[in-house]
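See structure below.
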Amino acid sequence: MHRNIPKIVITGGPCGGKTTALAKIVAWCLEHGFYPLLSPEAATLLMESGIERDHPRFQEFIWRETQHAMQLRLEAALLYKNPVLIFDRAFADSLAYMSTDGAKQLMDEFGFTIKDVRDQFSGVIFLRTAANGAAEHYTTENNAKRSESAEEACATDWRTEMAWTGTPHLHLIENVPGQTFDQKINRALQALARTLGVPEPLEIERKFLIHDPQSIILPESATPITIIQHYLVGNGSNERVRARGQDDNYLYFHTIKEEVAPGTFIETERHISRQEYDDLMVRRDYGRQPIIKTRNCFSYNGRYCEL
431 MHRNIPKIVI
441 TGGPCGGKTT
451 ALAKIVAWCL
461 EHGFYPLLSP
471 EAATLLMESG
481 IERDHPRFQE
491 FIWRETQHAM
501 QLRLEAALLY
511 KNPVLIFDRA
521 FADSLAYMST
531 DGAKQLMDEF
541 GFTIKDVRDQ
551 FSGVIFLRTA
561 ANGAAEHYTT
571 ENNAKRSESA
581 EEACATDWRT
591 EMAWTGTPHL
601 HLIENVPGQT
611 FDQKINRALQ
621 ALARTLGVPE
631 PLEIERKFLI
641 HDPQSIILPE
651 SATPITIIQH
661 YLVGNGSNER
671 VRARGQDDNY
681 LYFHTIKEEV
691 APGTFIETER
701 HISRQEYDDL
711 MVRRDYGRQP
721 IIKTRNCFSY
731 NGRYCEL
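In structure tokens form, the structure reads like this:
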């Protein structure tokens with residue numbers, strides 16, 4: 431049985447800084463006591479072997495490469511202390527190049543659900559294409575396989591973001607006016623640190639009352655996610671378990687939240703198996719009703735929002 435090994439995806443639009451970010455992320459992991467196992471981009475491996483994007487089974491081959499790479503690295507990770515799996519793109523990236531029917535057909539062929547394709551990862555770091563917000567730095571010269579115009583790059587960037595929208599932990603790394611490329615990469619490293627809990631993430635709670643939520647017009651790209659949350663009793667802190675998913679396919683999480691100052695909390699969350707979830711539910715607080723809610727996921731002004 432595999433340990434609960436963090437799986438991080440690095441993705442984004444063309445010329446977003448992914449190659450540089452991957453190198454920095456591997457170095458950061460080693461400097462902070464983690465052992466990174468990097469899975470190269472499957473599409474690049476295929477094209478370097480002579481299989482071009484216009485092959486009718488190209489996306490299927492990508493998934494097979496990704497699935498094989500994940501299995502190998504999960505096996506290898508058992509030999510190391512504090513392993514982290516780093517993916518240069520993953521399954522959901524293919525959805526940006528497929529129709530809805532084509533995606534469903536491929537998922538059925540692999541026996542996958544949206545949980546397997548999009549939601550199984552500990553964090554997804556999305557680097558915005560330079561064509562959107564830093565157009566003067568957009569180039570195709572540093573990648574022989576890249577031929578998109580700036581307009582095409584923005585369209586690919588958008589489709590890729592939509593493919594990942596709904597994953598539990600999506601970090602959008604934008605091109606911020608007045609900031610350098612190094613600062614952009616540093617924000618990607620900060621997202622990685624938060625995902626791995628280095629240092630412990632602080633959550634500042636702010637609540638907003640929406641008087642008429644039914645009147646809100648959500649973006650067409652909004653993805654509805656069902657959350658079923660139960661509070662537990664027994665350890666003196668705010669402890670809960672959550673089932674989070676779509677179309678009756680769920681991921682399970684265990685969260686412990688402790689107040690360190692008024693309004694400031696240390697929150698520790700881990701992804702758990704269905705068996706662990708069932709075991710923890712023995713301590714369910716029957717004095718509280720379960721919280722069942724729909725969370726709509728979308729991006730707005732460069733931020734990943736959940737309403």
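Note that the sequence shown covers residues 431 to 737 in this note's numbering.
Glycine is no exception: its CB is placed at the ideal position from the N, C-alpha and C atoms.
- By how many angstroms is the C-alpha of GLN644 removed from the C-alpha of ARG503? The sequence position of residue 503 within the sequence shown is 73, counting from 1. The sequence position of residue 644 within the sequence shown is 214, counting from 1. As the crow flies, the alpha-carbon of ARG503 is around 45 Å from that of GLN644.
- Query: Under a Cβ-count criterion, where at least 16 other Cβ atoms within 10 Å of its own Cβ denotes burial, should SER552 be classed as buried or exposed?
  - Reply: The residue labelled residue 552 in the question sits at position 122 within the sequence shown. Classification for SER552: buried.
- Starting from GLY675, trace the beta strand (DSSP E) both ways and give me its first and last residue. By one-based count along the sequence shown, residue 675 stands at place 245. Run containing GLY675: 668-676, per the beta strand (DSSP E) assignment.
- Item | Straight-line gap, VAL547 to ALA522 (C-alpha atoms, nearest Å) | On the sequence shown, residue 547 is found 117 positions in, with the first residue counted as 1. On the sequence shown, residue 522 is found 92 positions in, with the first residue counted as 1. Distance between the alpha carbons of VAL547 and ALA522 is about 5 Å.
- Task: Specify, as a first and last residue, the run of the beta strand (DSSP E) that ASN726 falls within.
- Result: Translated into the one-based positions of the sequence shown, residue 726 becomes position 296. ASN726 -> beta strand (DSSP E) spans 721-730.
- Message: For THR685, list the residues DSSP reports as bridge partners.
- Response: Here residue 685 refers to the residue found at position 255 of the sequence shown. Answer is ARG670, GLU699, bridged to THR685.
- Beta-carbon proximity list for PRO720, same chain, < 8 Å, skipping 5 on both sides: Here residue 720 refers to the residue found at position 290 when the sequence shown is read from its first residue. For PRO720, where only same-chain residues beyond five positions count, the Cβ hits under 8 Å are ILE658, GLN659, HIS660.
- Could you give the distance in angstroms between the alpha-carbon of GLU581 and the alpha-carbon of TRP588? Start at 1 with the first residue of the sequence shown, and residue 581 comes out as number 151. Start at 1 with the first residue of the sequence shown, and residue 588 comes out as number 158. Their backbone Cα atoms lie some 11 Å apart in a straight line.
- Could you have a look at PHE611 and say whether DSSP puts it in helix, strand or coil? On the sequence shown, residue 611 is found 181 positions in, with the first residue counted as 1. In this structure, PHE611 counts as helix in the three-state DSSP scheme.
- Under 8 Å by Cβ, that's how I've got ALA560 and CYS445 pegged, so tell me the actual separation to the nearest angstrom. The count along the sequence shown starts at 1 and reaches residue 560 at position 130. The count along the sequence shown starts at 1 and reaches residue 445 at position 15. Confirmed, Cβ separation roughly 5 Å.
- Do the stretch 672-683 and the stretch 701-713 make contact, defined as three or more Cβ pairs closer than 8 Å? yes
- Query: Would you report the Cα separation of PRO513 and LEU468, rounded to the nearest angstrom?
  - Reply: Residue 513 sits at position 83 when you count from the first residue of the sequence shown. Residue 468 sits at position 38 when you count from the first residue of the sequence shown. Each residue's alpha carbon lies about 11 Å from the other.
- Kindly provide the ranges of any beta strand (DSSP E) runs that are 3 or more residues long and lie completely inside the stretch 490-556, ordered along the chain. 513-518
- Item | Whole-angstrom distance between LEU648 and PRO474, CA atom to CA atom | Mapped onto the sequence shown, residue 474 falls at position 44. Mapped onto the sequence shown, residue 648 falls at position 218. Per the sequence shown, residue 474 should be read as Thr rather than Pro. Between THR474 and LEU648, the C-alpha separation is close to 36 Å.
- Item | Residue nearest to ILE492 in terms of C-alpha spacing, selected from GLN609, ILE438, ARG519 | If you number the sequence shown from 1, residue 492 lands on position 62. For the residues GLN609, ILE438, ARG519, the minimum Cα distance to ILE492 belongs to ARG519.
- Query: Secondary structure at HIS660, three-state DSSP: helix, strand or coil?
  - Reply: The residue labelled residue 660 in the question sits at position 230 within the sequence shown. Note: HIS660 maps to strand in three-state DSSP.
- Query: With distances taken between CB atoms, is the gap from GLY563 to GLU604 smaller than 8 Å?
  - Reply: Here the question's residue 563 lines up with position 133 in the sequence shown. Here the question's residue 604 lines up with position 174 in the sequence shown. Cβ distance < 8 Å, so GLY563 and GLU604 count as in contact.
- Query: Quick one: what's ASN679 bridged to in DSSP?
  - Reply: Here residue 679 refers to the residue found at position 249 of the sequence shown. Bridge partners of ASN679: GLN676.
- Item | Option nearest ASP707 by Cα separation, candidates THR449, SER577, ARG674, SER524 | For the purposes of this step, residue 707 is taken as the residue at position 277 of the sequence shown. As written in the sequence, residue 707 is Tyr, which differs from the Asp given in the question. When only C-alpha atoms are compared, the closest one is ARG674.
- Can you grab the Cα-Cα spacing for the pair SER729 / ASP484, in whole Å? Position 299 of the sequence shown, counted from the first residue, corresponds to residue 729. Position 54 of the sequence shown, counted from the first residue, corresponds to residue 484. Annotation: SER729 to ASP484 spans about 30 Å, alpha carbon to alpha carbon.
- In whole angstroms, what separates the C-alpha of LYS687 from that of VAL663? In the sequence shown, the residue the question calls residue 687 occupies position 257. In the sequence shown, the residue the question calls residue 663 occupies position 233. Roughly 13 Å between the two C-alpha positions.
- Message: Measuring alpha carbon to alpha carbon, tell me which residue in ILE435, PRO436, LYS448, LYS437 is nearest ARG617.
- Response: In the sequence shown, counting from the first residue as 1, residue 617 sits at position 187. Out of ILE435, PRO436, LYS448, LYS437, LYS448 has the C-alpha closest to the C-alpha of ARG617.
- Task: Count the other C-beta atoms from every protein chain shown that fall within 10 angstroms of the C-beta of TYR568, then say buried if there are 16 or more, exposed otherwise.
- Result: Position 138 of the sequence shown, counting from 1, holds the residue named residue 568. By the neighbour-count rule (16 or more Cβ atoms within 10 Å), TYR568 is buried.
- Message: Here's the rule: buried if 16 or more other CB atoms are within 10 angstroms of the residue's CB, otherwise exposed. What is SER524?
- Response: Residue 524 sits at position 94 when you count from the first residue of the sequence shown. When all chains shown are included, SER524 counts as buried.
- For my contact list, ALA451 and LEU602 are in at a C-beta cut-off of 8 Å; report their separation, rounded to the angstrom. Within the sequence shown, residue 451 is the residue found at index 21, counting from 1. Within the sequence shown, residue 602 is the residue found at index 172, counting from 1. Incorrect: roughly 13 Å between the Cβ atoms, too far for contact.
- Task: Hey, could you find the ends of the beta strand (DSSP E) ILE438 is sitting in?
- Result: Here residue 438 corresponds to residue number 8 of the sequence shown, with the count starting at 1. Segment 437-442, the beta strand (DSSP E) holding ILE438.
- TYR734 lies in the beta strand (DSSP E); which residues open and close that run? Translated into the one-based positions of the sequence shown, residue 734 becomes position 304. Start and end: 733-736.
- Query: Relative to the ligand MG, is the shortest distance from any of its heavy atoms to the C-beta of ILE492 smaller than 7 Å?
  - Reply: Summarising the ligand content, the structure contains no ligands, and the ligand MG is consequently not present.
- ARG718: buried (16+ other C-beta within 10 angstroms of its C-beta) or exposed? Along the sequence shown, one-based indexing puts residue 718 at 288. Exposed is the call here.
- Query: Out of curiosity, what's the CA-to-CA distance linking ARG500 and LEU622?
  - Reply: For this step, residue 500 is matched to residue 70 along the sequence shown. For this step, residue 622 is matched to residue 192 along the sequence shown. A quick correction: the sequence has Met, not Arg, at residue 500. If you take the alpha carbons of MET500 and LEU622, they lie about 19 Å apart.
- Candidates MET528, VAL554, ILE481: which alpha carbon is nearest THR423's? In this structure the chain extends from 431 to 737, so residue 423 is not present and cannot be described.
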